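Enquirer: What follows is a single structure, and I will ask about it in a moment.
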Amino acid sequence: MAAPNRYSRIVSWVKLALPLIALALLSTMFLFSRTPDPEAALPFATVDIDELLREQRLSQPRFAGTLEDGRAVTLVAASAAPEPANPNRIRLTEIEARVTVTDENRMVVSAGNGEIDLAARALSLDGQVSAATTSGLSLDTARLIVSMDRMRLSAPGRIEIVAEGATLTAGAMEMTGPEGGAFLSFTGGVRLIYDP
2 MAAPNRYSRI
12 VSWVKLALPL
22 IALALLSTMF
32 LFSRTPDPEA
42 ALPFATVDID
52 ELLREQRLSQ
62 PRFAGTLEDG
72 RAVTLVAASA
82 APEPANPNRI
92 RLTEIEARVT
102 VTDENRMVVS
112 AGNGEIDLAA
122 RALSLDGQVS
132 AATTSGLSLD
142 TARLIVSMDR
152 MRLSAPGRIE
162 IVAEGATLTA
172 GAMEMTGPEG
182 GAFLSFTGGV
192 RLIYDP
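For the sequence shown, this note's numbering begins at 2 and goes up steadily by one.
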């Protein structure tokens, strides 16, 4: 008979002790809590609700594909929205494109904004376009047009290319890549400074 009495007493004490412990924990949590700091609160995004309702837009879209010769092309942007007048044109902001030039050489192109023309299968980059290759070549221009179905880049305006020991400026540039190669053509006051 002693065993059931001991068990009953333990259960009675636990029934009393557990709610008291929970009450003590809750009271200490409220007693030692600090007042909320409005500066440390989570920030809200500043977006124009009317603009979001007016136009269709994608945030952080990613386009990927291959050229006819199998070279990979990837494009990432901060936002993409179709033009209201022509849905075959997509406006992009804060663009980064990766193009495989050769098996060993890749190019990363970044621009402030641009436009994809689905009918012409071309990407037009504007707003301080810069590019860099894994071989150490860098390029700066105001506008760059990239073909999406074959290896072709063109800069219709002034361009500056810097490589190891050389700086080239020109009025325009075109890069084509038949049969896996990459050929550059410069026009309009080409100037090359070479420092061996």
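Idealized CB from N, CA, C, for every residue including glycine. For clarity, every value in this text was computed on a predicted model and none was experimentally measured.
1. The beta strand (DSSP E) spanning A132 covers which residue range?
2. Along the chain, where does the beta strand (DSSP E) that runs through P167 open and close?
3. CB R144 to CB I117, shorter than 8 Å?
4. Provide the residue span of the beta strand (DSSP E) that contains D196, from first to last.
5. Are the stretch 78-86 and the stretch 120-130 in contact at 8 Å, needing three or more beta carbon pairs?
6. In whole angstroms, what is the alpha-carbon distance linking F187 and M174?
7. Return the bridge partner residues of G115 from the DSSP annotation.
8. Classify M149 as helix, strand or coil using the three-state DSSP reduction.
9. Distance check for I96 and G66, CA to CA, integer angstroms please.
Expert: In short, the structure shows the following:
1. Here the beta strand (DSSP E) through A132 covers 123-134.
2. The residue you asked about is not Pro; residue 167 is Ala in the sequence shown. Start and end: 167-171.
3. Not closer than 8 Å, so no.
4. D196 -> no beta strand (DSSP E), and no H or E assigned at all.
5. The stretch 78-86 vs the stretch 120-130: no contact.
6. C-alpha separation (whole angstroms): 5 Å.
7. DSSP output for G115 lists L93, L126 as bridge partner(s).
8. The answer is coil: DSSP assigns M149 none of H, G, I, E or B.
9. Whole-angstrom Cα-Cα distance: 16 Å.
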